[in-house]
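Novice:
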Amino acid sequence: AEHFASVAQMFEDCGFAYAPHPERVPNTHLALELCELARAAGLHSEYHGAVMVGMWEQELDVADPAVLSEVAIGVGLDPAAVAEAIESRRFRAHVIQCTEEAHAAGITGVPAFIFEERYLLMGAQPHAAFEKLIEQIRADQAESVASH
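Residue numbers (our numbering): 425 to 572.
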């Protein structure tokens, strides 16, 4: 409950709505698979945004194929391509591979931000956490320049 309240406050501080279903953490694998279909169609940003709004603001069940189909078609993806991707799960292996690569890089949650290919900031974080990390990166870079 404390974490939920903290994340809700961060969303509010940024001017974002925050209303996920309080008792459901959906399996997002199929949503990620359709994200790859959207990427191939040049609609990645639109689809991703619509899924995020659906999950975080509208309490949509983004594990439900019917919900995902509606979202995907709503942003302009071809209905037949959406149905085929859901039925065949043709992007499943790619999503699993990307997940494994993320885990190998130390990423165990979302969101995850990698700076300078070596600094990792994970989870919903307040602005201060980003500011602190950026200060650390600048200090490390200055130290590196000074030592060369």
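Cβ atoms here follow ideal geometry from the backbone N, Cα and C, with glycine treated the same way.
(1) Using CA atoms only, rank isn't needed, just tell me which of Ala-552, Pro-489, Glu-525, Leu-501 is closest to Asp-437.
(2) Per the contact definition of three or more C-beta pairs closer than 8 Å, is the segment 474–486 in contact with the segment 447–457?
(3) Measuring CB to CB, does Glu-460 end up less than 8 Å from Phe-515?
(4) Please confirm whether Met-479 and Pro-535 have their CB atoms less than 8 Å apart.
(5) Could you tell me which whole beta strand (DSSP E) segments of length 3 or greater appear in the segment 508–568?
(6) Which stretch, first to last residue, makes up the alpha helix (DSSP H) that contains Glu-447?
(7) For Leu-492, is the classification buried or exposed, using 16 other Cβ atoms within 10 angstroms of its Cβ as the cut-off for buried?
(8) Taking only three categories from DSSP, how would you classify Val-486?
Specialist: On the basis of the coordinates in this document:
(1) Ala-552
(2) yes
(3) yes
(4) In this structure, Pro-535 does not lie closer than 8 Å to Met-479 by Cβ.
(5) Annotation note: the segment 508–568 contains the following uninterrupted beta strand (DSSP E) runs of length 3 or greater, listed N- to C-terminal: 536–539, 543–546.
(6) No alpha helix (DSSP H) contains Glu-447, which DSSP labels as neither H nor E.
(7) buried
(8) coil
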